[in-house]
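Beneath this line is the structure, given in C-alpha cells, with notes to follow.
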Amino acid sequence: MILKKTNIRFPLVATLVTLLAIALLVKLGFWQLERAEQKRQLFSDYEQQLSSGEATKLDRLAEVSPKNDRFRYVEMNGEFVPQPIFLLDNQIQDGTVGYQVIALFQPQAMSENYVPVNMGWLPAPASRQSLPEVNMPSGQHRLTGFLYFPSNNQFVNNTYETDLADSKIRVQEFQPNAIAKQLDMSLTDYTFLLESPETMGWSRDWKPQVMSPEKHQGYAIQWFSLAIACLVIFLFAVIKLNKQPKKEETR
Numbered sequence: 011m012i013l014k015k016t017n018i019r020f021p022l023v024a025t026l027v028t029l030l031a032i033a034l035l036v037k038l039g040f041w042q043l044e045r046a047e048q049k050r051q052l053f054s055d056y057e058q059q060l061s062s063g064e065a066t067k068l069d070r071l072a073e074v075s076p077k078n079d080r081f082r083y084v085e086m087n088g089e090f091v092p093q094p095i096f097l098l099d100n101q102i103q104d105g106t107v108g109y110q111v112i113a114l115f116q117p118q119a120m121s122e123n124y125v126p127v128n129m130g131w132l133p134a135p136a137s138r139q140s141l142p143e144v145n146m147p148s149g150q151h152r153l154t155g156f157l158y159f160p161s162n163n164q165f166v167n168n169t170y171e172t173d174l175a176d177s178k179i180r181v182q183e184f185q186p187n188a189i190a191k192q193l194d195m196s197l198t199d200y201t202f203l204l205e206s207p208e209t210m211g212w213s214r215d216w217k218p219q220v221m222s223p224e225k226h227q228g229y230a231i232q233w234f235s236l237a238i239a240c241l242v243i244f245l246f247a248v249i250k251l252n253k254q255p256k257k258e259e260t261r
C-alpha cells in the first residue's frame with residue numbers, strides 16, 4: 011500500500027516502520043544523555059563529600075535518603091555483630107576475582123537497626139566450595155565512611171546462598187531490604203563504606219564503579235547517528251520510488 015496524498019508517494023509499511031525506528035533511537039539517545047547527567051551528579055556528590063573533611067554523626071541525621079545523602083561522609087560508634095558475614099560475589103580488583111566483605115554493625119544510637127558495613131575487598135580462594143577466612147574485630151569502635159545506596163539488579167534472581175555456612179553467606183547482590191526480609195533482620199536501606207580505621211578491614215577504593223558520563227554521551231551519539239541514518243536511507247528509498255513512474259511513462 012502506498013500513501014499518495016501529494017505528488018510524492020510514501021510506502022505505508024516502510025514509513026511506519028521508519029518512524030517507529032527513528033522514535034525509538036531518538037528516545038534511547040536522550041535516555042543516554044539523561045544517564046550521563048545522572049553520572050555527573052553521582053561523581054559530583056562523591057567529590058563533594060570527599061572534600062567536606064568533617065564527618066556528620068549518623069545519629070544526627072533525622073532522615074536518610076538517596077537524594078540528599080548519597081556518599082554522605084558520616085561517623086558512628088558501636089560494635090560489630092559476629093555473624094552473619096556477607097561476601098559479595100564476583101568483585102574484581104586489579105584483574106583478580108574476589109569478594110567484598112559486608113558485616114553488620116550495631117550503632118549505639120540506633121538500637122532498632124543494624125547498619126551493613128562494607129569493609130573492603132579480599133581475593134577469593136581457588137575453589138568455589140571454599141570461602142575466605144574473615145576475622146571480625148570485637149569491642150566498641152568509632153567508624154567513619156560514606157553512605158551508599160545499592161542499585162537493584164533485576165537480572166539477579168537468587169540474592170544469597172544458604173548452603174555454605176551460617177556464619178558466612180555468599181551473595182550475588184546486596185540489597186539491604188531484601189536481605190532483611192529473607193533473614194528476618196532489621197537493616198538500614200543503605201550500606202556504610204568503611205574509610206577508617208585504616209587498619210580495619212581489607213583493600214578499599216570507594217570511587218563510584220559506574221560507566222563514565224563520557225561513555226553515555228558516546229552511546230547517545232551512536233543512537234542519534236542511527237536515527238539520522240534511518241531517515242537518510244528512507245528518503246533515498248522514497249526518491250527512488252518516486253522516480254520509477256517517470257521512467258515507465260517515457261517508454
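Here this note's numbering is used: the first residue of the sequence shown is 11, the next is one more, and so on.
We treat Cβ as the ideally placed atom computed from N, Cα and C, and that holds for glycine.
The structure presented is a predicted model; accordingly, all values stated were derived computationally and were not measured.
Between residue 88 and residue 51 the beta-carbon gap is near 31 Å, outside 8 Å, which marks them as no contact. Here residue 213 carries a strand assignment [DSSP, helix/strand/coil]. Counting every other CB atom within 10 Å of its CB across the protein chains shown gives residue 254 a total below 16, marking it as exposed.
With fewer than 16 other beta carbons inside 10 angstroms of its own, residue 119 counts as exposed. Less than 8 Å divides the Cβ of residue 155 from the Cβ of residue 84. In the three-state reduction of the DSSP assignment, residue 139 falls in the coil class, being assigned neither a helical nor a strand state. Secondary structure of residue 81 (DSSP, three-state): coil.
Residue 226 is not a Cβ neighbour of residue 37, given a cutoff of 8 Å. Taking 8 Å as the cut-off, the beta carbon of residue 141 is found closer than this to the beta carbon of residue 97. By the C-beta density criterion, residue 152 is exposed, having fewer than 16 other C-beta atoms within 10 angstroms.
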